[in-house]
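Residue numbers (the numbering used here): 1 to 103.
Even glycine gets a Cβ: it sits at the ideal position worked out from N, Cα and C.
Report on the following structure.
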């Protein structure tokens, strides 16, 4: 039997804060679809440094948990996982869905 390592994977929470001055005029009066489109375009311009700062904004103690234990082998056999990790790679799991305000 080959000896394999162990990968401890996690889904990193992060937050990139945009001030009112960073948003286009009337942003909150736009349709949710237009807001999502604008946010995705903005996301595409974020640098790696901005992304890492967004992850570092939160704390490991409060905002992060190990989500998956897997063997570091050719199949990356999963030994344990959180429900969040199981959903991570599910088809459609990375699609932003509009949420309309409650009345």
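Cutoff 6 Å; reference residue i; Cβ partners in own chain excluding five residues on either side
i          : result
residue 28 : none
residue 5  : 72
Assigned exposure category for residue i - 16 Cβ within 10 Å defines buried
i          : result
residue 85 : buried
Pairwise C-alpha distance: residue j and residue i
i           : j           : result
residue 73  : residue 18  : 41 Å
residue 21  : residue 94  : 28 Å
residue 53  : residue 102 : 32 Å
residue 8   : residue 26  : 43 Å
residue 40  : residue 82  : 27 Å
residue 107 : residue 55  : For the chain, the structure presents residues 1 to 103; residue 107 sits outside this window and is missing.
Own chain, CB closer than 8 Å to residue i, minus 5 neighbours either side, in chain order
i          : result
residue 10 : 64, 65, 66, 67 and 68
Beta carbon of residue i nearer than 8 Å to that of residue j
i          : j          : result
residue 38 : residue 24 : yes
residue 36 : residue 16 : no
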